[in-house]
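What follows is a short report on a single structure.
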Amino acid sequence: NDMMSQYEYRSQANKLQEEKEYFEKETAQVKNDLNELNTNLSTAEKFAREKYFMKKDNEDVFVIIREEKKD
Numbered sequence: 133n134d135m136m137s138q139y140e141y142r143s144q145a146n147k148l149q150e151e152k153e154y155f156e157k158e159t160a161q162v163k164n165d166l167n168e169l170n171t172n173l174s175t176a177e178k179f180a181r182e183k184y185f186m187k188k189d190n191e192d193v194f195v196i197i198r199e200e201k202k203d
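Taking the working numbering, the leading residue of the sequence shown gets 133, the next gets one more, and so forth.
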């Protein structure tokens, strides 16, 4: 192989290594979040309220949609 091909292969390998490290960190974070949701009732309740707008029977939910400011 010529030098140009070697350079391209090395660049591609470096990029793939960076992606691998990124996804390993993301996977670890998701596992941590899942463990927290499974073991901590208040965290699970907060997640359900924020993500799915769940509420208790005696509560009302208000969703506030903020408009983007136009310059």
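Where is the CB? At the ideal position from N, CA and C, for every residue including glycine.
Taking residue i as the reference, which of the options has the closest Cα?
i: V195; options: R181, D165, K152 and N146; result: R181
Quick check: the Cα distance between residue i and residue j, rounded to an integer number of angstroms?
i: K152; j: T175; result: 29 Å
i: Y141; j: E150; result: 14 Å
i: K157; j: K163; result: 10 Å
i: T171; j: I197; result: 32 Å
i: M136; j: Q144; result: 12 Å
i: L173; j: L148; result: 38 Å
i: F155; j: D203; result: 37 Å
Whole-angstrom Cβ separation of residue i and residue j, contact assumed at under 8 Å?
i: L166; j: F179; result: About 11 Å; that fails the 8 Å criterion.
Would you say residue i and residue j are within 9 Å of each other, going by their C-beta atoms?
i: V201; j: V193; result: The identity of residue 201 in the sequence shown is Lys, whereas the question assumes Val. No; because the gap between Cβ atoms is not below 9 Å, this pair is not in contact.
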